[in-house]
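Here the structure comes first, spelled out in structure tokens, and everything after it is commentary.
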Amino acid sequence: MGLKTPLYASHLDHGAKIVDFGGWDMPLHYGSQIDEHHAVRREAGMFDVSHMAVLDLTGGRSREYLRLLLANDVARLNEPGKALYTCMLNPDGGVIDDLIVYFVADTWFRLVVNAGTRDKDLAWIRTHAAPFDVDVLERTDLCMIAVQGPEARVKAAGLLARTQQPAALEIKPFHAAPFGSWFVARTGYTGEDGFEIMIPACDAVDAWHRLDESGVKPAGLGARDTLRLEAGMNLYGNDMDERHHPLESGLAWSVAFEPRDRDFIGRDALLAARREGCDRLVGLLLEERGVLRSHQRVAAPGVADGMVTSGTFSPTLNRSIGLARVPQATGASVHVEIRGKLHAARVVKTPFVRHGKAMIET
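Mapping of the sequence shown onto the numbering used here: position 35 corresponds to residue 1429, and the numbering continues sequentially without gaps.
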């Protein structure tokens, strides 16, 4: 038996298929992964993401500490509520985890890290926080519900009325705000608009039911994966990990090399990789029948092989798509080995889908 979120019984009530995910018993789907995917793209869906870890960092040197810990620069966070996507690196530049950091106040930053890496993340964060006299509190008292889709904000309005509805609905993209014990962020992992709402565990079941009554469809991990891949978003453990750095994982944009005097962990290794060159992460569109999956070999004419890091069938495009780590010299056409046979694929720029619309020619 795995760990369970406070919404576990609600998932069973909705007929969820439960699977293990990073040691947690989580819903894979509630009957139709495809229907859940389309609901998010076309209307609104909700995900229980309470298995992710919410960490509050407090102390007078919190910003100074995070400028060392993270590859992106929290000095960019000058407006309360502003969020920043970043990676946390080891000295070799490998990705310990990717996360979002929220600037709440000068002495308070909130981090949301992945479920499967929470234990090593906490150990790493606490070890490096000690010299800065920064307190690290894991908010096990909170649940998080992601409401995503073109109608997500409208359908969440009734739930947010218990906070300050107009203020919550006016939160800008990639910003957040606390409303008493609730924390509402306009962020997500689907390529659609919406909220990630962090609330006391005692409020979670009621919030889930109220969203359901407002027409927000429960969605599981299966739809979350196809949605994030269509949006060109990385999955930790697939598209990046401690053996791969951001520059070869399509995340160079999340590294702040300026100012040059900021000595973040992993900086020297990334500078060396940038000088020497490295592989790159690209989008793939399968030109033939079949489904791209992680670990499939990618063969490119005249260069070394690459590998699919994430792959799926895209319900929005009705085609198979994937991400792959390939040599820099890889051209616009490759072949992917599927069950011993080579299938043609096209190298494309991600995202594949944004706000429900195809961003590539199929």
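The beta-carbon is built from N, C-alpha and C at its ideal position, and this holds for glycine as well.
- Per the DSSP secondary-structure output, Gly1700 pairs in a beta bridge with Val1692.
- For the region 1561-1644, the full-length alpha helix (DSSP H) segments reaching 4 residues or more read 1595-1607, 1615-1624 along the chain.
- Measuring C-alpha to C-alpha distances from Ala1447 to each of Glu1473, Ile1490, Leu1505, Leu1397 identifies Leu1505 as the nearest.
- Assignment of Arg1436 by DSSP, reduced to helix, strand and coil, places it in the helix class.
- For Val1468, the three-state secondary structure derived from DSSP is helix.
- Counting of Cβ neighbours within 10 angstroms places Arg1674 among the buried residues, the total reaching 16 or more.
- Listed in chain order, the non-local C-beta contacts of Asp1414 below 7 Å within the same chain comprise Gly1396, local neighbours out to five positions each way being set aside.
- Within its own chain, the residues whose Cβ lies closer than 8 Å to the Cβ of Leu1605, once the five positions on either side in sequence are excluded, are Met1440, Ile1539, Val1541, Lys1549, Ala1550, Leu1553, listed in chain order.
- DSSP places Thr1521 in the uninterrupted alpha helix (DSSP H) bounded by 1512-1523.
- A residue is called buried once 16 or more other Cβ atoms fall within 10 Å of its Cβ, and His1737 is buried on that count.
- Asp1500 is positioned such that its CB atom lies no closer than 9 Å to that of Ala1595.
- Apart from the 5 residues on each side of it in sequence, Pro1567 sits with its Cβ closer than 7 Å to the Cβ of Arg1580 in its chain, given in chain order.
- Pro1721 and Asp1699 have their alpha carbons spaced roughly 7 Å apart.
- Note on geometry: alpha-carbon atoms of Arg1435 and Arg1547 lie some 13 Å from one another.
- In the DSSP assignment, no residue is bridged to Ile1754.
- At a Cβ-Cβ threshold of 9 Å, Thr1744 and Leu1711 do not count as neighbours.
- For His1405, there is no enclosing beta strand (DSSP E); the residue is found in the alpha helix (DSSP H) stretching over 1402-1407.
- In this structure Pro1653 is exposed. Its beta-carbon is surrounded by fewer than 16 other beta-carbon atoms within 10 angstroms.
- Here Met1482 is near Ile1659, since their CB atoms are less than 9 Å apart.
- The Cβ atoms of Glu1545 and Glu1473 lie no closer than 9 Å to each other.
- Relative to Met1701, the option among Ser1708, Arg1683, Ile1732, Glu1682 whose CA is nearest is Ile1732.
- For Leu1406, same chain residues with a beta-carbon under 8 Å away, outside a window of 5 residues either side, are Ile1412 in chain order.
- Here His1638 is buried, its C-beta having at least 16 other C-beta atoms within 10 Å.
- In this structure, DSSP gives Ala1646 a helical state, which the three-state scheme calls helix.
- Counting of Cβ neighbours within 10 angstroms places Gly1616 among the buried residues, the total reaching 16 or more.
- Judged by their CB atoms, Val1676 and Thr1706 are not nearer to each other than the 9 Å cut-off.
- Where Val1507 is concerned, the enclosing beta strand (DSSP E) starts and stops at 1502-1507.
- The region 1448-1462 and the region 1610-1625 do not touch, with fewer than 3 CB-CB distances between them shorter than 8 Å.
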